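K.L.:
Provided herewith is a single structure, encoded as structure tokens, for subsequent inquiry.
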Amino acid sequence: MSKKNRSGIVFSTNPDFHYESDEPSEAETLPAVQQNLKIWLVKLGGNKVVTTVRGFIGSTADLADLGKQLKTACGSGGSTKDDEILIQGDHRDKVLTWLASKGYKAKKAGG
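Add 107 to a position in the sequence shown, counting from 1, and you land on the number used in the working numbering.
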């Protein structure tokens with residue numbers, strides 16, 4: 108842990124002192140079988156369409172890795188932010204078949 112996050116602690120003479128931060132720890136990544144993912148199609152301004160994958164439970168590094176694999180499988184760009192995977196374009200069917208082949212429990216959501 109970096110010293111920047113230790114606000115209010117200057118010095119302690121207690122040799123058994125261990126700093127505990129108030130920040131919640133990252134959730135453990137569930138196995139693919141236990142994940143319950145939802146695939147959404149979001150329409151943005153300017154006729155832009157984005158495929159969104161929501162419901163991933165796990166660390167941000169694992170989410171970014173899954174996002175990278177999905178973007179490669181779809182042959183499209185995108186990003187991962189706010190616990191969502193965003194893929195440019197309408198790739199719901201590709202994403203659904205890829206996730207099912209990897210053992211994820213996923214389904215289309217929205218209208």
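Ideal Cβ positions, reconstructed from N, Cα and C, are used throughout, including at glycine. Small disclaimer: the values here were computed from a predicted structure and weren't measured.
Roughly how many whole angstroms lie between the Cα atoms of glutamate 191 and glutamine 142?
P.N.:
Here residue 191 corresponds to residue number 84 of the sequence shown, with the count starting at 1. Here residue 142 corresponds to residue number 35 of the sequence shown, with the count starting at 1. Each residue's Cα considered, the two are about 14 angstroms apart.
K.L.:
Can you tell me whether DSSP reads glutamine 142 as helix, strand or coil?
P.N.:
Looking up residue 142 in the sequence shown gives position 35. Coil at glutamine 142, not helix or strand.
K.L.:
Tell me the rounded alpha-carbon separation between phenylalanine 163 and serine 183.
P.N.:
The residue you call residue 163 lines up with position 56 of the sequence shown. The residue you call residue 183 lines up with position 76 of the sequence shown. Using only the alpha carbons, I get a separation of about 20 angstroms.
K.L.:
Alpha carbon to alpha carbon, how far is arginine 199 from threonine 179? Give it in angstroms, no decimals.
P.N.:
Residue 179 sits at position 72 when you count from the first residue of the sequence shown. Residue 199 sits at position 92 when you count from the first residue of the sequence shown. Computed Cα separation, rounded: 14 angstroms.
K.L.:
With a threshold of 8 angstroms between beta carbons, is isoleucine 164 in contact with chain C?
P.N.:
The chain labelled as chain C is not found in the depicted structure, where only one protein chain is given.
K.L.:
Would a C-beta distance cut-off of 8 angstroms place glycine 193 and threonine 159 closer than the cut-off?
P.N.:
What you label residue 193 is simply residue 86 of the sequence shown in a count that begins at 1. What you label residue 159 is simply residue 52 of the sequence shown in a count that begins at 1. The amino acid at residue 193 is misidentified as glycine; the sequence shows leucine. A contact, by the Cβ cut-off of 8 angstroms.
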